[in-house]
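S.K.: The sequence shown begins at 483 in the working numbering and counts up by one.
Positions of the beta carbon are idealized from the N, C-alpha and C atoms, including for glycine.
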Amino acid sequence: MANEDAPVAINARGMKCPWPALRAARAMRDAREIVIEADDPIAGAELAALAAQNGWDFSAMGLDRYRLSHPDSAQEYRKI
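Structure follows, in structure tokens:
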């Protein structure tokens, strides 16, 4: 059984923009948190813009790894 609270993981390595952002946007329909690996040089900027446009939080987790999270999910974690 999958953990519903676990982040959705997306491997977008080798994909040129806008594909990493499109994959993330599709996952945002159902997910509360997304971790995406994307090695296109402009992927970070596009993912940050996608998150901002939708009111989500964005953070870089290291080289070519990014986290997008719904602001409500962050508040739920803080309450625990």
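Determine, using beta carbons only, whether L550 and I524 come nearer to each other than 8 angstroms.
M.R.: no
S.K.: How about L529 and P489: do their beta carbons lie closer than 8 angstroms?
M.R.: no
S.K.: Using a Cβ-Cβ cutoff of less than 7 angstroms, which residues in the same chain neighbour D522 once the five nearest sequence positions on both sides are dropped?
M.R.: Within the same chain, and ignoring the five residues on either side of D522 in sequence, the residues whose Cβ sits closer than 7 angstroms to its Cβ are M497, K498, C499 and P502.
S.K.: Could you spell out where the alpha helix (DSSP H) holding G526 opens and where it closes?
M.R.: Where G526 is concerned, the enclosing alpha helix (DSSP H) stretches over A525 to Q535.
S.K.: Considering only residues of the same chain and omitting the five flanking positions on each side of A491, which have a CB-CB separation below 7 angstroms?
M.R.: V517
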